[in-house]
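Colleague: Quick one: the structure is below, questions incoming.
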Amino acid sequence: MGKRYLDEIDLMRAFVILGVLTVHTLSFFNVLNNDGTPGFYALGALITATHFTRETFMFVTGLVLFTTYLQQDPFHPLPFWRKRFQLIVIPYVVWTLAYIAFVALLTPGFSWTWSNLVPAIIHNLLTGNMFFLYFLVVSMQLYLIFPLLLRGVRKAARYHVHILVASFVLEMCLMWLNQNVLDSLTPTGWPKWLYDLYTYRDRNLLMYQFWFIAGGVLACHYDQVAAWMERHRKALFVALVTSLGILFGHYFLERLVLHDGEDDAELVLQPIMVPYSLVVTCAFWYAGLAWSKRKDLPGWRAFSRFVRVASQTSFGIYLIQPFPLYAMEVVMDNLDGRGIPVWLHYALLPAAILFSYFSSMLAAYILMKIPVVSYVVGRKARLRRARGEPVRRAA
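In this note's numbering, the protein residues as written are 3 to 397.
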């Protein structure tokens, strides 16, 4: 059986990565606001609402992996690891070095000695601590254990619902533990390995286990669940609106009634984000399913071309985004320093988001078209055959 291509995932990638750029741009704009002002609370609520992107990308990663390899029997781990790690380790190392150089250039008096650089490189490669590379760290952990997960999902076909429910409960418990116990600990005097595990727990595979398992279970029952979603699309819309209202209410409860700090209210790894992100992820998936039925119609072709490009470059957008985000921050800092009106500050927000998104997309598109260089954005670009070179045919 050939590999199944899920067109709907293209739309998910295209717009979830837009959500990633949106939350990072919103976060910077809110830094320019004063805590306690209506504008600060409004952007804080929007930031919290866009924090589904991390979970959705984890879900998409799991779904695509399981869909690709579920029918591959026997499954060979070594070719899988070779292919997957080649496409993720190269960009991980390259962008870690690029980010270190970028930060160093922006740091007055930075010491470019090997005694300073080598420890920084080793630390950041081991922790994924530069910008948003935590996603690559989690992905590499998933690749390592994927053969075991694949085997488990195949063997436990009769218990998929039980596994999914248990995984959801575990995820809720982990989020509660993170918010209510781990966040309040003081790791002073801890051994370095334990301190690093605690500090960088947001890039631990266990913290996202539900999203990978949910993707795997969906891959096993894809058509049945898609048909069920189609029958209950109105309920999905109601759930989406309701969950958004509950999330906003939860945010304002924490800020205005419980007087929690902004970091606590916006926390990604907290219990309420699990059901909320699940509903939003399902909504994106359904939107993708709806688009996949219309993508080749005359009125949808231009939009479909955009979706394809945005999907193909989504990984590159994710990696390149710190640079246009920094450029946007410099411009906004200068404008705000000159005392621009408040209305103009907020009016520039959509333009800032779109600038970060499309400039990253353009850079990623150019890089993915260059042979060898394309590996830095997780793509393979083959060298063109010279004219007259014989074409090899498969036996």
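Note that the Cβ used here is the ideal one computed from N, Cα and C, for glycine as well.
Pick out whichever of Phe42, Ser29 and Leu13 has its Cα sitting closest to the Cα of Val344.
Modeller: Counting from one through the sequence shown, the residue named residue 344 turns up at place 342. Cα-wise, what sits closest to Val344 is Phe42.
Colleague: Does the Cβ of Pro300 have 16 or more other Cβ atoms within 10 Å, making it buried, or fewer, making it exposed?
Modeller: Here residue 300 refers to the residue found at position 298 when the sequence shown is read from its first residue. The residue in question, Pro300, is exposed, as its Cβ has fewer than 16 Cβ neighbours within 10 Å.
Colleague: Less than 8 Å between the C-beta atoms of Trp83 and Tyr161, yes or no?
Modeller: Position 81 of the sequence shown, counted from the start, is the residue given in the question as residue 83. Position 159 of the sequence shown, counted from the start, is the residue given in the question as residue 161. No. Outside cutoff.
Colleague: Pair every Cβ in the stretch 261-275 with every Cβ in the stretch 180-193, then say whether three or more of these pairs are closer than 8 Å.
Modeller: yes
Colleague: Determine the DSSP secondary structure at Thr55, reduced to helix, strand or coil.
Modeller: Locating residue 55 in the sequence shown gives position 53, where the first residue counts as 1. Here Thr55 sits in helix by DSSP.
Colleague: Would you say the stretch 110-123 touches the stretch 90-102, given that touching needs at least three Cβ pairs under 8 Å?
Modeller: Yes: at least three Cβ pairs fall under 8 Å.
Colleague: In terms of alpha-carbon separation, which member of Ala159, Phe286 and Met60 lies closest to His223?
Modeller: Counting from one through the sequence shown, the residue named residue 223 turns up at place 221. Nearest option by C-alpha distance: Ala159.
Colleague: On the CB-based measure, 16 or more other CB atoms within 10 Å of its CB, does His261 come out buried or exposed?
Modeller: Within the sequence shown, residue 261 is the residue found at index 259, counting from 1. The residue is exposed, with fewer than 16 neighbouring Cβ atoms inside 10 Å.
Colleague: If you draw a straight line from the C-alpha of Val163 to the C-alpha of Val311, how long is it?
Modeller: Taking the sequence shown and counting its residues from 1, the one referred to as residue 163 is at position 161. Taking the sequence shown and counting its residues from 1, the one referred to as residue 311 is at position 309. The straight-line gap from Cα to Cα measures roughly 35 Å.
Colleague: What did DSSP end up calling Val282 once you bin it into helix, strand or coil?
Modeller: Translated into the one-based positions of the sequence shown, residue 282 becomes position 280. Helix.
Colleague: Find out if the Cβ-Cβ distance for the pair Thr115, Tyr202 is shorter than 8 Å.
Modeller: By 1-based counting over the sequence shown, the position of residue 115 is 113. By 1-based counting over the sequence shown, the position of residue 202 is 200. Contact: no.
Colleague: Starting from Tyr136, trace the alpha helix (DSSP H) both ways and give me its first and last residue.
Modeller: Here residue 136 corresponds to residue number 134 of the sequence shown, with the count starting at 1. Looking at the DSSP string, the run of the alpha helix (DSSP H) that includes Tyr136 is Tyr136 to Lys157.
Colleague: Which residue from Val259, Leu327, Ala221 and Gly318 puts its Cα closest to that of Leu72?
Modeller: The count along the sequence shown starts at 1 and reaches residue 72 at position 70. Selected option, being the one with the closest Cα: Ala221.
Colleague: Establish whether the CB of Ser358 and some CB of chain C are separated by less than 8 Å.
Modeller: In the structure shown, chain C cannot be found, because there is only a single protein chain.
Colleague: Just the C-alpha distance for Phe68 and Gln211, rounded to the nearest angstrom, thanks.
Modeller: Here residue 68 refers to the residue found at position 66 when the sequence shown is read from its first residue. Here residue 211 refers to the residue found at position 209 when the sequence shown is read from its first residue. Phe68 and Gln211: Cα-Cα distance of roughly 14 Å.
Colleague: Within the continuous alpha helix (DSSP H) that includes His261, where are the two ends?
Modeller: Counted from its first residue, the sequence shown places residue 261 at position 259. Neither: His261 is in no alpha helix (DSSP H) and is coded neither H nor E.
Colleague: Decide if Val332 is buried, meaning its Cβ has at least 16 other Cβ atoms within 10 Å, or exposed.
Modeller: By 1-based counting over the sequence shown, the position of residue 332 is 330. Label assigned to Val332: exposed.
Colleague: From this set, Tyr7, Leu13 and Lys5, which residue's C-alpha is nearest Tyr288's C-alpha?
Modeller: Mapped onto the sequence shown, residue 288 falls at position 286. Answer by Cα proximity: Leu13.
Colleague: When DSSP labels each residue in this structure, what does Asn126 get in the three-state scheme?
Modeller: As a first step, residue 126 is located in the sequence shown; it is residue number 124 there, counting from the start. The answer is helix: DSSP assigns Asn126 an H, G or I state.
Colleague: Taking 8 Å as the cut-off, does the stretch 361-377 touch the stretch 311-329 (at least 3 CB pairs, one atom from each stretch)?
Modeller: They touch, by the three-pair rule.
Colleague: Looking only at its own chain, which residues have a Cβ that is under 6 Å from the Cβ of Val22, when we skip the five neighbours before and after it?
Modeller: Walking along the sequence shown from the start, residue 22 turns up at place 20. Once the five neighbours on either side are set aside, the close Cβ partners of Val22 are Thr55.
Colleague: When you compare the CB positions of Thr52 and Thr98, do they come within less than 8 Å of one another, or not?
Modeller: Looking up residue 52 in the sequence shown gives position 50. Looking up residue 98 in the sequence shown gives position 96. For Thr52 and Thr98, no; Cβs fall outside 8 Å.
Colleague: Does the stretch 237-245 come close enough to the stretch 278-285 that 3 or more CB-CB pairs lie under 8 Å?
Modeller: yes
Colleague: State the start and end residues of the unbroken alpha helix (DSSP H) segment that holds Thr188.
Modeller: Indexing the sequence shown from 1 puts residue 188 at position 186. Per DSSP, Thr188 is not a residue of any alpha helix (DSSP H), being assigned neither H nor E.
Colleague: Distance check for Phe112 and Ala106, CA to CA, integer angstroms please.
Modeller: On the sequence shown, position 104 is the one that residue 106 refers to. On the sequence shown, position 110 is the one that residue 112 refers to. Approximately 6 Å between the Cα atoms of the pair.
Colleague: Looking only at its own chain, which residues have a Cβ that is under 7 Å from the Cβ of Ile49, when we skip the five neighbours before and after it?
Modeller: Within the sequence shown, residue 49 is the residue found at index 47, counting from 1. Val25, Leu28, Ser29, Asn32 and Glu268.
Colleague: Let me confirm a value: Arg468 is counted as buried when at least 16 other C-beta atoms fall within 10 Å, else exposed. Which label applies?
Modeller: Any answer about residue 468 is impossible in this case: the structure gives the chain only from 3 up to 397.
Colleague: Tell me the DSSP secondary structure of Phe214 in three-state form.
Modeller: Residue 214 sits at position 212 when you count from the first residue of the sequence shown. Three-state DSSP puts Phe214 in a helix.
Colleague: Which complete alpha helix (DSSP H) runs does the stretch 219-255 hold, if anything under 4 residues is left out?
Modeller: 224-233 and 235-254
Colleague: What's the gap between the Cα of Gly339 and the Cα of Asn206?
Modeller: Mapped onto the sequence shown, residue 339 falls at position 337. Mapped onto the sequence shown, residue 206 falls at position 204. Straight-line Cα distance between these residues: approximately 40 Å.
Colleague: Excluding the 5 residues preceding and the 5 following Val96 in the sequence, name in chain order all residues of the same chain whose CB lies nearer than 7 Å to its CB.
Modeller: Numbered from 1 along the sequence shown, position 94 holds the residue referred to as residue 96. Cβ within range, chain order: Val378.
Colleague: Could you compute how far the alpha carbon of Gly154 sits from the alpha carbon of Leu89?
Modeller: In the sequence shown, residue 154 corresponds to position 152, counting from 1. In the sequence shown, residue 89 corresponds to position 87, counting from 1. Each residue's Cα considered, the two are about 25 Å apart.
Colleague: Does the Cβ of Ile11 have 16 or more other Cβ atoms within 10 Å, making it buried, or fewer, making it exposed?
Modeller: Taking the first residue of the sequence shown as position 1, residue 11 is located at position 9. Taking all protein chains shown into account, Ile11 has 16 or more neighbouring C-beta atoms within 10 Å of its C-beta and is therefore buried.
Colleague: Run through DSSP, which three-state label would Gln88 get?
Modeller: As a working mapping, residue 88 is identified with position 86 in the sequence shown. Three-state result, Gln88: helix.
Colleague: Val393 by DSSP, collapsed to three states: which one?
Modeller: One-based indexing of the sequence shown puts residue 393 at position 391. Confidence in Val393 is poor, its pLDDT being 34 and thus under 50, which makes the residue's placement unreliable; the coordinate value appears in the next sentence. Residue state, collapsed to three classes: coil.
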